[in-house]
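Enquirer: Residue numbering for the sequence shown follows my numbering, starting at 2 and increasing by one per position. For each residue, glycine too, the CB sits at the ideal point set by N, CA and C.
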Amino acid sequence: MCGIIGYTGNRSVAGVLVDGLRRLEYRGYDSAGLAVVSGGELHEAKAVGKVRKLEEVVAALPGLGSLCGCGIGHTRWATHGVPSTVNAHPHFSNDRKIAVVHNGIIENHQELRRHLTSKGCVFRSQTDSEVIAHLIAEAYDGDLLAATAAVLDQLQGTYGIAVVSDRHPGLIVAVRKGSPIVVGIGEGENFVASDIAALLAHTRQVIYLNDGDIAAITPEKIELRDIRNVPIEREIAKIDWETGAAEKGNYPHFMLKEIFEQPETVENAIRGRLDHEMASAILSGIGLSPRELLQIGHIVIAGCGSSMHAGLVGEYYFEDLAGISTSVEQAAEFRYRNPIIEPNTLVIPISQSGETADTIAAVREAAAKGAIVTALCNVVGSTIAREAGRGIYLHAGPEISVASTKAFLSQVVVLLLFALLLGRNRRLSRSRGAELVAEIEQIPDLIREVLEQALEIKKIASRYAHVDDFFFIGRGCLYPTALEGALKLKEISYIHAEGYHAAELKHGPISLLDEKHPVMALANDIPGRDKILGNIQECRARKAPVVAIATRGDRAIRDLTQDVIEIPPCSRFVAPLPTAVALQLFAYYIAAERGCEIDQPRNLAKSVTVE
Ligand code: M6R
2 MCGIIGYTGN
12 RSVAGVLVDG
22 LRRLEYRGYD
32 SAGLAVVSGG
42 ELHEAKAVGK
52 VRKLEEVVAA
62 LPGLGSLCGC
72 GIGHTRWATH
82 GVPSTVNAHP
92 HFSNDRKIAV
102 VHNGIIENHQ
112 ELRRHLTSKG
122 CVFRSQTDSE
132 VIAHLIAEAY
142 DGDLLAATAA
152 VLDQLQGTYG
162 IAVVSDRHPG
172 LIVAVRKGSP
182 IVVGIGEGEN
192 FVASDIAALL
202 AHTRQVIYLN
212 DGDIAAITPE
222 KIELRDIRNV
232 PIEREIAKID
242 WETGAAEKGN
252 YPHFMLKEIF
262 EQPETVENAI
272 RGRLDHEMAS
282 AILSGIGLSP
292 RELLQIGHIV
302 IAGCGSSMHA
312 GLVGEYYFED
322 LAGISTSVEQ
332 AAEFRYRNPI
342 IEPNTLVIPI
352 SQSGETADTI
362 AAVREAAAKG
372 AIVTALCNVV
382 GSTIAREAGR
392 GIYLHAGPEI
402 SVASTKAFLS
412 QVVVLLLFAL
422 LLGRNRRLSR
432 SRGAELVAEI
442 EQIPDLIREV
452 LEQALEIKKI
462 ASRYAHVDDF
472 FFIGRGCLYP
482 TALEGALKLK
492 EISYIHAEGY
502 HAAELKHGPI
512 SLLDEKHPVM
522 ALANDIPGRD
532 KILGNIQECR
542 ARKAPVVAIA
552 TRGDRAIRDL
562 TQDVIEIPPC
572 SRFVAPLPTA
582 VALQLFAYYI
592 AAERGCEIDQ
602 PRNLAKSVTV
612 E
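(1) Which one or two residues does DSSP pair with residue 8 in a beta bridge?
(2) Compare the Cα-Cα distances from residue 255 to each of 533, 26 and 497 and report the closest residue.
(3) Taking the alpha helix (DSSP H) that residue 489 belongs to, which residues open and close that run?
(4) DSSP three-state call for residue 269: helix, strand or coil?
(5) What is the DSSP secondary structure of residue 250, reduced to helix, strand or coil?
(6) Have a look at 324, 327, 314 and 333 and flag the residue whose alpha-carbon is nearest the alpha-carbon of residue 304.
(7) Under 8 Å: does the beta carbon of residue 404 sit that close to some heavy atom of the ligand M6R?
(8) Please state the DSSP three-state secondary structure of residue 232.
(9) What are the start and end residues of the alpha helix (DSSP H) that includes residue 411?
(10) Using beta-carbon positions only, say whether residue 95 and residue 135 come within less than 9 Å of one another.
(11) List in chain order: all unbroken beta strand (DSSP E) runs of 3+ residues lying wholly within the region 48–118.
(12) With a CB to CB cut of under 7 Å and the five nearest residues on each side skipped, what residues in its chain are close to residue 82?
(13) Hey, residue 546 and residue 516: beta-carbon distance below 9 Å or not?
(14) Do residue 541 and residue 561 count as a contact pair if the criterion is CB distance below 9 Å?
(15) Verify the CB distance criterion: does residue 265 have a CB-CB separation below 9 Å to chain C?
(16) Among the candidates 100, 177 and 106, whose CA atom is the shortest distance from the CA of residue 141?
(17) Helix or strand or just coil, what does DSSP make of residue 459?
(18) For residue 12, which residues from the same chain have a beta carbon less than 8 Å from its beta carbon, with the 5 sequence-adjacent residues on both sides left out?
(19) Does any heavy atom of the ligand M6R sit closer than 8 Å to the C-beta of residue 609?
(20) If you measure between the beta carbons of residue 483 and residue 514, is that distance less than 9 Å?
(21) May I ask you to verify whether the region 301–320 touches the region 404–411, counting CB pairs closer than 8 Å and requiring at least 3?
(22) Spell out the partners DSSP gives residue 350 in its beta bridges.
(23) Would you report the Cα separation of residue 322 and residue 433, rounded to the nearest angstrom?
(24) Does the beta-carbon of residue 5, which I'm using as the reference point, lie nearer than 8 Å to any heavy atom of the ligand M6R?
(25) Residues bridged to residue 182 by DSSP?
(26) Residue 527 to residue 452, Cα distance in whole Å?
(27) Determine whether the beta carbon atoms of residue 215 and residue 192 lie at a separation below 9 Å.
(28) Please specify which runs of the beta strand (DSSP E), each continuous and at least 3 residues long, are wholly inside the region 498–544, giving them in chain order.
(29) May I ask whether a heavy atom of the ligand M6R can be found less than 8 Å away from the beta carbon of residue 302?
(30) Let's see if you can read the secondary structure: which residues bound the beta strand (DSSP E) around residue 394?
(31) Which value, in whole angstroms, describes the spacing of the CA atoms of residue 274 and residue 316?
(32) Where does residue 239 sit, in a helix, a strand or coil, going by DSSP?
(33) Report the partner residues of residue 473 according to the DSSP bridge assignment.
(34) Tell me whether residue 313, by its Cβ, gets closer than 8 Å to a heavy atom of the ligand M6R.
(35) By a C-beta neighbour count over all protein chains shown, 10 Å radius and 16 as the cutoff for buried, is residue 239 buried or exposed?
(36) So is residue 118 buried or exposed if we call it buried at 16+ other beta carbons inside 10 Å?
As structure tokens, then:
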């Protein structure tokens, strides 16, 4: 949460910062601000709301837009203190010589605030972050890097921080603990950001800071130190995302663009990973030999939101195809309930961003308890990818819309590949493996067929855009798909939506059904479909309108409801993928009709980097 960008070089600092903040806006959009050091002075601009408001403020401040030098910018997702210009970052020392932007939470900020106030410090904001500026000012003795390093052991919690001062033209000091910071290497200019989406337009060469690393960044050089101020070296990584991957192109929203990218992103997730000869999958990143794979006794999947839903689909795959008992954990709860990790337990954290605080905590808990940890992440070099040390990248490219679409699909595909590999390693016959390989290869075309029906889905969606509540029901692998469909709808359209196992409806929720409570029934022609037909009848008997997802040509479903979204025939393992695409489009078109801020729904942020 919260986006950070810093720039040092000869271009318009405010221009680069505002552009970077726009690309980071998915991390938070309550308020935004920047500080520019130029000509020995520190200039600031702040605005409540989206980055475009900050842009207006910058444009109205004479000369600010043309200043060169260095600067830092921030887009905020409020934790401590309401969204306001006062609480917007950067925060300043009392002498206004030091400016700081921060992502994370300083847990002991009240104690630090009391200490600083007793020494005469005046606080302007209600944020936890402001203490950092005052602490650095207190420690400052002519060396900004040393002053920043000196305060770190007083800060409890998580942080990605960037600092500038008018006493140090051209210098940005950046540090991380628990919240990502990546340094972008330019020519005669350098950058720092909370994530690489902000850097893509400028450079492909980056250095990911580790916890405790401190960077001193000027246009000419990047120096790295550890917390004891000892010089350190870090590898330069190359970003392989395409130029334009983080642009909206001709689409009205990133979400729609990302939905339509899915045939290609799924192809990317599959490419080079199918072994036709062995009727299996090749996943070298997991770093486990066939013998080690054979020893896995239990699988625990941990994730949040859509990533957890993908894990719930994966649970069916691992148990059914590989015969390995699997449980799915809400990452937020994992470490607090003292989970039992038997020897030979494989823990699979799933995270698009690789920066979700709860999932990071689960990774650490699992590693501390001796589990084998193999992560599924989209963002290369992210904290979870690096801490797990082994895993499978999704190759979905940057996902900018807050609502996850293409990452979810790639997660499910990669889980299916993983289950195929484990299955072939154990009980799955070669012929069954070969069938699955063929089914997996068909997925991109299945998705294309659903996308071709976008206009039909839009028409159906428009009939439901006015409702206040929605139920989503499914069985088997389509049960977690129903959970995902409900999450998509509620997060972008603000319609109250709940996903249930279709059988569970009768255990309580059915009491709510009437003509104002529509039901989305996932009734694909896979095992359980006949029972779902019965469930649809039960809903109709209570006058609830029903939208059904059905396999193309299923007349029985058409007899029950006029609102049918057709999915091409496919197996039960593959069915969640085209079905999820139909549900994404359904949610998107409803939200569009309601005039919602689709890419940046209220109160949400793309990466939830606080607990
Ligand atoms: O980056 P992660 O996959 O760890 O994020 C997990 C959730 O925050 C995320 O899936 C969230 O639920 C999305 N907004 C869902 O669309």
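Expert: Quick answer:
(1) 72 and 192
(2) 26
(3) 479–494
(4) helix
(5) coil
(6) 333
(7) yes
(8) Looking at residue 232 - three-state DSSP - the assignment turns out to be strand.
(9) 407–426
(10) yes
(11) Entirely contained in the region 48–118, the beta strand (DSSP E) runs reaching 3 residues are, in chain order, 70–77 and 99–107.
(12) 88, 126, 127 and 128
(13) A contact, by the Cβ cut-off of 9 Å.
(14) yes
(15) Absent from the structure is chain C; it holds one protein chain and no more.
(16) 100
(17) helix
(18) 69 and 190
(19) yes
(20) no
(21) Contact between the region 301–320 and the region 404–411 is present, because at least three Cβ pairs lie under 8 Å.
(22) 303
(23) 9 Å
(24) When distances are taken from the beta-carbon of residue 5 to the heavy atoms of the ligand M6R, even the shortest one reaches 8 Å or more.
(25) DSSP output for residue 182 lists no bridge partner at all.
(26) 21 Å
(27) no
(28) As far as the region 498–544 is concerned, its whole beta strand (DSSP E) runs of at least 3 residues are 520–523.
(29) no
(30) 392–394
(31) 20 Å
(32) Correct three-state label for residue 239: strand.
(33) 500 and 521
(34) No, the ligand M6R has no heavy atom inside 8 Å of this Cβ.
(35) exposed
(36) exposed
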